[in-house]
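For the record, the sequence lines run as chains A and B. The opening position of the first sequence corresponds to residue 167 in the working numbering, with each subsequent residue numbered one higher. The opening position of the second sequence corresponds to residue 178 in the working numbering, with each subsequent residue numbered one higher. Let me begin by presenting the structure, written as structure tokens, before commenting on it.
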Amino acid sequence: MRITITSVLVHDQAVAEKFYTEVLGFVKKHDVPMGGDARWLTVVSPDNPDGTELLLEPDAHPAAKPWKEALVGDGIPYTQFAVDDVKAEFARLRDLGVRFTQEPVDMGAFTTAVLDDTCGNLIQIIQMH
Amino acid sequence: MDDDDVFKALADPTRRKILDELADRDGQTLFEICARLSSKHQLGSSRQAISQHLEVLAAAGLVHSRRDGRYKFHHLDTGPLEHLTDRWRHRDTKET
């Protein structure tokens, strides 16, 4: 068994596509119409185009919004991405106007920061030392 | 709130660690506080337990919670610590 796809629930796929590609720097992999407004929209890391895909999944299900709001209210990032340098990435993204709920914090074995993906989610970036 | 609340809040080592971390960086989400306690101090308390600790600190006036849009941040207030020991250091101030 292999992990090929993981998902984030986004409030608007067009906004998510823009944020995840133009701001975070991922690359679009699949974009397939699924009926109505929904698309099968995935992105991958430019460093690993054949690696795990991130599915930008519509959050239209009624259970999705209260769940997301409860997580964000307590500052909980449900999704995590690895970076080489959290402080550099923090500076780059902050200059692009990205909102962070947690600035870079050295936790010993790793450094983390938490950002708002503008689609209703908090994302943790992590650098292992 | 009175001094009893402040002494009660300070009596617990986990609550003192929470204050240490808020002194290190003010304005943290519950998640950040939990992450700091578990990774920096190996305190594996549940989110609910930390939430309850924050309520005790809030009752003592040592922590204030602020909503900012969709997020909630916790802030340190050292005000209640200011005259905590005056009654012993200055004998004319008696416990009320």
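Don't be surprised by glycine CBs; every beta carbon is placed ideally from N, CA and C. All values derive from a computational prediction rather than experimental measurement.
Since residue i sits in a beta bridge, which residues does DSSP pair it with?
i, result
"S211/A", "N214/A"
"L175/A", "E223/A"
"R205/A", "P199/A"
"Q290/A", "Q246/A and V280/A"
"L253/B", "V240/B"
"K194/A", "V209/A"
Report yes if the C-beta distance between residue i and residue j is below 8 Å; otherwise report no.
i, j, result
"V252/A", "A275/A", "no"
"V264/A", "V189/A", "yes"
"K195/A", "E219/A", "yes"
"F208/B", "G286/A", "no"
"V238/A", "Y248/B", "yes"
"I289/A", "F247/A", "yes"
"M273/A", "A212/B", "yes"
"V209/A", "T187/A", "yes"
"P191/B", "L220/B", "One point to set straight first is that residue 191/B is Thr, not Pro, in the sequence displayed. Yes; because the gap between Cβ atoms is below 8 Å, this pair is in contact."
"L281/A", "L262/A", "no"
"T245/A", "V174/A", "yes"
"L214/B", "S222/B", "yes"
"D180/B", "L261/B", "yes"
"P212/A", "G191/A", "yes"
Quick one: grab the DSSP three-state call for residue i.
i, result
"T187/A", "helix"
"D225/A", "coil"
"I242/A", "coil"
"R168/A", "coil"
"V181/A", "helix"
"A200/B", "helix"
"R247/B", "coil"
"V252/A", "helix"
"T284/A", "coil"
"V233/B", "helix"
"V183/B", "helix"
"Q268/A", "strand"
"S242/B", "strand"
"A257/A", "helix"
"T191/B", "helix"
"Q205/B", "strand"
"L237/A", "helix"
"L220/B", "coil"
"A275/A", "coil"
"R268/B", "coil"
Who are the near neighbours of residue i in its chain, counting only those whose CB is closer than 7 Å to its CB and skipping five residues on each side?
i, result
"K217/B", "none"
"R205/A", "Q179, D197, V198 and P199"
"T267/A", "G241, V280, D282 and L288"
"P270/A", "V252, K253, F256, T277 and A279"
Within a Cβ cutoff of 8 Å, which residues of the same chain sit near residue i, ignoring the five residues on either side of it in sequence?
i, result
"Q204/B", "According to the sequence displayed, residue 204/B carries Gly and not Gln. Excluding positions up to five away in sequence, the list reads R243, F250, H251 and H252."
"V176/A", "A182, L222, E223, P224, D225, D283, C285, G286 and N287"
"L231/B", "I195, L207, I210, V240, S242 and H251"
"R193/B", "L187"
"L313/B", "Nothing can be reported for residue 313/B: it is not among the residues displayed for chain B, which extend from 178 to 273."
"I292/A", "Q246, F247, A248, V249, V252, F276, T277 and T278"
"T170/A", "T218 and E219"
Can residue i be considered in contact with the ligand NAD, in the sense that its beta carbon sits closer than 7 Å to one or more heavy atoms?
i, result
"H252/B", "Inclusion of the ligand NAD in the displayed structure is not the case, the ligand content being empty and no account of it being possible."
Please list, in chain order, all residues of the same chain as residue i whose beta carbon is under 6 Å from its beta carbon, the five residues on each side excluded.
i, result
"A230/A", "L175"
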